[in-house]
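Okay, so the sequence shown: first residue is 1251 according to my numbering, each after it adds one.
No residue lacks a Cβ here, since even glycine has one placed at the ideal position from N, Cα and C.
Just so it is clear, the structure is predicted and the values come from calculations on it, not from any experiment.
Have a look at the structure below before the remarks.
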Amino acid sequence: MLRNYLLIAIRNLRKHKTFSFINITGVAVGLACFLLIALYVADELSYDRYNTNADRIYRVGRTFLSTDGTPSLKLAQAAPPFGPLIKQDFPEVEQMVRTLNYNGLVRYGEHSFNEQDIYFAEANLFKVFDIKLSSGNPDLALANPFAILLSRPMAEKYFGTGGPAESAIGKTVRLNNQFDMAVTGVFEPLPTQAHFHPNFLISFSTLNDNRVYGAEGLRTNWGNNSFNTYILTKAGFDPQRMEAAFPAFQDRHVPAQEGRAASTFSVLNLQKLTDIHLRSHTDSEVEPTGDISYIYLFSAIGLFILLIACINYMNLATARSAGRAKEVGMRKVVGALRAQLIGQFLSESLLLVLFALGIALLLVMLCLPALNEFTHKELSINQLLNPVFLSILVGVTLLTALVAGSYPAFFLTSFRPLGVLKGQIASAMRTGKLRQVLVVTQFSIAMVLIISTAVVYSQMKYIQDYRLGYQKEQMLLLSDVGDSTTSYETLRQQLVQTGIVRDMGRSSRIPSGRLLDSYNARTMSGDSMAPVNINLRALRVDHDFIPTYQIGMAAGRNFSRAYPTDTAMVVLNETAVRLLGWTPEQAIGKPFQYGPARGQIIGVTKDFHFESLHQQMAALAMVLTPRQLNWLSVPLKGNIPAGVKRVEAVWKRFFPEQPFNYQFLDERFDRLYAREQTQQTLFSIFAGIAILISCLGLFGLSMFMAEVRTKEIGIRKVLGASEMSLVTLFSKDFVKLVFVALVIAAPVAWYAMHTWLNDFAYRTDIHWWVFLLAGGLTMLIALLTVSFQSVKAALMNPVKSLRSE
């Protein structure tokens, strides 16, 4: 029986080659898109799950509150004393481990590099996370101060290939030209699906040295919230119960500030390790994270494209229903059971889907390298052989075959054979109500994607053209310059004299980064200084930062070398002044205390967007701090490559042991919106694929309609109808369907894009012309697809078409 089904199915596919090609192509492309998206989604969902105890590991974060209790700053880290105290007070914690991210200069012999992913880590790190040592003892590797482990690639980088795991141990590297670190082991790199990727691990006890951090600071510094704190909990742990106990815990251990209990100015929270990558949206992630909403979005797009391919199959099945209905009638007359007919149609559908699946797997193999390069992942088609993935693939294949073949299998087989053979059912089917619904569904999905692409493009153009309030083009950035105040002044003078740079300025952070530092601000109230109820962010700068970025002054002046007392003064931006209830002119000369600065407000800058346009304009306080400014901003003039080489040459004369690592500010800003740029590209690709598959279906439908209406077209031509009128007659039905699709797609797309734009503090409007553009583009593509068959049918010799009838 099964062999008979397959033979008939193959015969039908060969008999109708064009329809088979259209169906197989559409389903193959749909399945390929679905599989590519499924690989990407599975990879995103797998983050940190390689850890044996992933479900029992939590990260401790800290959120600061305004005086009215609203969150003002959400951090993924916490102050160093919290970790040991949590382990002490909560018996459900089995292990607690802290890490501290650090950037610095690492030197071995002639090799020296500025390294970004250095982590101080406690000795029990390997009891919490699954980190494999190539060499060294995990119980002792981080036990002693000034011990360091290197990842295998770093060991090869510094000590050469040829057994770096064995040759590295016992060697000494120098950190920041100040500390000698003994190499005690080599570890394998963490998987791509980890939320942090250390290249170096330094023993946490090194921080006890006062030259590094100091043991007293680790016990009492509640303000330095730079420490990643993880806890490994016992089975059956309830995170909500612990979070409910955190306020009392804080009030017991953290000193009150200005009469406010500790739990009123910050709260601790727990986040599951496996939620960090997709569900964490803090202001201080160790590495860029994903977003679960994008996973939902891409999953929906993959299903929609597969649905469009299935709709194509169903469309063509309904189009051919008249002929297949007669086939069903004849089979029933000669004794075929309905179950047998259903089996026949489903086997035909399954065979087609299996052909399409083979082509889809080939397309996946061809497209994976491009997808990996685009998403910076290491996806492999071998992942499809995973038992879970394989079962999903089988299930999707069977479901696709069932959905695609459901119409002929269950609808056509339900007719009475007498009515079918008399042509009553076939005649009714020619009206094609179901086909119209399916076509509208296809183009509604395609138009939602087109509208979304247009809105994302409009928002990205808006961001690129938005005036940020400072000069970011040709801004060269040098990081980790360290405390080089004396050499810096001479360096600045020499570079400015060359004429290749306009100015130079230093700062604790640079535009495109987050403003994480904040202090308690006080202004004069009566005869005393009183705290203010606004969230101010701090930026440490030198005298040249504001003119370097060409930031305008709204009132007052910039910091000046002519006034030594400016180290105690403050410069605010317009937003900060407005929140304080002053005009820029009124703020000048007001007594103000902000962290270490206690003096007066000497200037008010015009607002400038330090952070991305996802965030509201920050209320900013700039303080003059000649030391500990690790970022150097150098605006170049003229030829960029030549300017970089000149700056490097001068740099090496002053800092011969410091590697010359640079980047450009506009490139950093581009990375701020990399996720949106990726989304725009993916929307464009998927919209194009959706349109392509839909047009394949339209092309098949137009072929069928041309065949069905051959006699009608011949009669109309004999009666004098022109070719143009016949093309119009043939196409108008499809135009109506596209218009209905636009009416359905417009509100859906508007709601989806309105929600997406809410993620931006500064955003464009959704213009009416976007919907007309999507509708017009879809209409044009549909007409071009249909017109080929329309013109061909209209140009046919009526005598030949009528004679053939």
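Q) Under 8 Å between the Cβ atoms of A1201 and V1746? A) With the chain represented from 1251 up to 2055, any question about residue 1201 goes unanswered, as that position is not in the structure.
Q) From I1943 to V1279, what distance separates their C-alpha atoms? A) Taking the sequence shown and counting its residues from 1, one reaches residue 1943 at position 693. Taking the sequence shown and counting its residues from 1, one reaches residue 1279 at position 29. If you take the alpha carbons of I1943 and V1279, they lie about 8 Å apart.
**Q.** Rounded separation between Y2001 and L1699 - CA only
**A.** On the sequence shown, position 751 is the one that residue 2001 refers to. On the sequence shown, position 449 is the one that residue 1699 refers to. Going from the Cα of Y2001 to the Cα of L1699 covers about 13 Å.
(Q) Cutting at 7 Å between CB atoms, please list the residues of its own chain near N1861, excluding the five before and the five after it. (A) As a working note, residue 1861 is residue 611 in the sequence shown. In the sequence under discussion, the amino acid at residue 1861 is Glu, which differs from the Asn named in the question. Leaving aside the five residues that flank E1861 on each side, the residues in its chain whose CB is nearer than 7 Å to its CB run, in chain order, R1764, L1765 and A1868.
Q: Using three-state DSSP, classify V1820 as helix, strand or coil.
A: Here residue 1820 refers to the residue found at position 570 when the sequence shown is read from its first residue. DSSP places V1820 in strand when its eight states are reduced to three.
Q.
Per the DSSP calculation, M1754 is bridged to which residue(s)?
A. Along the sequence shown, read from residue 1 onward, the residue named residue 1754 stands at position 504. Answer is none; M1754 lacks a bridge partner.
Q.
For the beta strand (DSSP E) containing T1532, name the first residue and the last one.
A. Residue mapping note: residue 1532 aligns to position 282 of the sequence shown, counting from 1. Looking at the DSSP string, T1532 is not in any beta strand (DSSP E), and its letter there is neither H nor E.
Q. Do the segment 1441–1457 and the segment 1363–1381 touch if we need at least three Cβ pairs shorter than 8 Å?
A. yes
Q: Alpha carbon to alpha carbon, how far is T1650 from L1399? Give it in angstroms, no decimals.
A: As a working note, residue 1399 is residue 149 in the sequence shown. As a working note, residue 1650 is residue 400 in the sequence shown. Straight-line Cα distance between these residues: approximately 51 Å.
Q) Taking L1482 as the reference, which of S1549, N1303, D1525 and F1396 has the closest Cα? A) Here the question's residue 1482 lines up with position 232 in the sequence shown. Among S1549, N1303, D1525 and F1396, the Cα nearest to that of L1482 is on N1303.
Q | Cα-Cα separation between M1431 and R1424, rounded to whole angstroms | A | To locate residue 1431, count along the sequence shown from 1; it is residue 181. To locate residue 1424, count along the sequence shown from 1; it is residue 174. Straight-line Cα distance between these residues: approximately 6 Å.
Q: Please determine, among L1979, V1356, S2037 and K1711, the residue with the shortest C-alpha to C-alpha distance to A1405.
A: As a first step, residue 1405 must be located in the sequence shown, where it is residue number 155. Of L1979, V1356, S2037 and K1711, the residue nearest in Cα terms is V1356.
**Q.** Residue burial classification, V1706 (beta-carbon count within 10 angstroms, cutoff 16)
**A.** Locating residue 1706 in the sequence shown gives position 456, counting from the first residue. So V1706 counts as buried.
Q.
For the ligand GTP, is there any heavy atom lying closer than 7 Å to the beta carbon of L1451?
A. The ligand GTP is absent from the structure shown, which contains no ligands of any kind.
Q. Tell me which same chain residues have a C-beta within less than 7 Å of the C-beta of L1607, skipping the five on either side of it?
A. The residue labelled residue 1607 in the question sits at position 357 within the sequence shown. Same-chain partners within the cutoff: L1281 and T1647.
Q.
Let me check understanding here. Comparing Cα to Cα, which of G1359, Q1865, L1640 and L1286 lies closest to G1410?
A. For the purposes of this step, residue 1410 is taken as residue 160 along the sequence shown, with counting starting at 1. Ranking the options by Cα distance to G1410, first place goes to G1359.
Q: Within the segment 1434–1492, note down every full beta strand (DSSP E) run reaching 3 residues or more, in order along the chain.
A: 1450–1453 and 1477–1483
Q: Take N1394 as the anchor and find which of R1807, F1379, A1371 and S1385 has the nearest alpha-carbon.
A: Translated into positions along the sequence shown, residue 1394 becomes position 144. Of the listed residues, the one whose Cα sits closest to N1394 is A1371.
Q | Three-state secondary structure assigned by DSSP to N1562 | A | For the purposes of this step, residue 1562 is taken as residue 312 along the sequence shown, with counting starting at 1. In the structure shown, N1562 sits in a helix (DSSP, three-state: H, G or I).
Q: Would you please state the rounded distance, in angstroms, between the beta carbons of Q1327 and S1534? I believe it to be under 8 Å.
A: For the purposes of this step, residue 1327 is identified with residue 77 of the sequence shown, where counting begins at 1. For the purposes of this step, residue 1534 is identified with residue 284 of the sequence shown, where counting begins at 1. Contact flag correct, Cβ pair sits at about 6 Å.
Q | Where W2019 sits in the DSSP three-state scheme | A | What you label residue 2019 is simply residue 769 of the sequence shown in a count that begins at 1. Looking at W2019 - three-state DSSP - the assignment turns out to be helix.
Q. Where S1316 and R1510 are concerned, what is the direct C-alpha to C-alpha distance, given to the nearest angstrom?
A. Numbered from its first residue, the sequence shown carries residue 1316 at position 66. Numbered from its first residue, the sequence shown carries residue 1510 at position 260. C-alpha separation (whole angstroms): 11 Å.
(Q) Quick check on A1329: buried or exposed, where buried means 16 or more other Cβ atoms within 10 Å of its Cβ? (A) Position 79 of the sequence shown holds residue 1329. Buried: at least 16 other Cβ atoms inside 10 Å.
Q.
Within the continuous alpha helix (DSSP H) that includes V1638, where are the two ends?
A. Translated into the one-based positions of the sequence shown, residue 1638 becomes position 388. Counting along the chain, the alpha helix (DSSP H) containing V1638 begins and ends at P1637 to S1656.
Q.
Quick check on A1506: does DSSP put it in helix, strand or coil?
A. Within the sequence shown, numbered from 1, the residue matching residue 1506 stands at position 256. Coil at A1506, not helix or strand.
Q: Along the beta strand (DSSP E) that carries K1324, what are the first and last residues, could you check?
A: The count along the sequence shown starts at 1 and reaches residue 1324 at position 74. P1321 to L1325 is the extent of the beta strand (DSSP E) around K1324.
Q: Let me know if Q1744 comes out buried or exposed under the rule of 16 or more other beta-carbons within 10 Å of its beta-carbon.
A: Position 494 of the sequence shown holds residue 1744. Label assigned to Q1744: exposed.
Q.
My parser needs the alpha helix (DSSP H) runs of 4 or more residues fully inside the segment 1853–1918; what are they?
A. Taking 4 residues as the minimum length, the alpha helix (DSSP H) runs contained wholly in the segment 1853–1918 are 1890–1904, in order along the chain.
Q | Reduced DSSP secondary structure (H/G/I, E/B, other) of I1851 | A | In the sequence shown, counting from the first residue as 1, residue 1851 sits at position 601. Strand.
Q: On the DSSP bridge assignment, give the partners of Y1297 in chain order.
A: As a working mapping, residue 1297 is identified with position 47 in the sequence shown. BP columns for Y1297 are empty, so no partner.
**Q.** Rounded straight-line distance, which links the Cα of A1999 to that of V1988
**A.** Within the sequence shown, residue 1988 is the residue found at index 738, counting from 1. Within the sequence shown, residue 1999 is the residue found at index 749, counting from 1. Cα to Cα, the separation comes out at about 15 Å.
(Q) Using C-beta distances below 8 Å, list every residue in its chain close to M1710, excluding the 5 sequence neighbours before and after it, in chain order. (A) In the sequence shown, counting from the first residue as 1, residue 1710 sits at position 460. Answer for M1710: Y1923, E1926, Q1927 and Q1930, listed in chain order.
Q.
Assuming F1409 is part of the beta strand (DSSP E), what are its boundary residues?
A. Position 159 of the sequence shown, counting from 1, holds the residue named residue 1409. Taken as a continuous stretch (DSSP letters only), F1409 belongs to no beta strand (DSSP E), being part of the alpha helix (DSSP H) at R1402 to F1409.
Q: Report yes or no: do the segment 1479–1497 and the segment 1456–1469 share at least 3 C-beta pairs separated by less than 8 Å?
A: no
Q) If E1898 and F1910 are in contact, beta carbons under 8 Å, what's the gap, nearest whole angstrom? A) Walking along the sequence shown from the start, residue 1898 turns up at place 648. Walking along the sequence shown from the start, residue 1910 turns up at place 660. Confirmed, about 5 Å.
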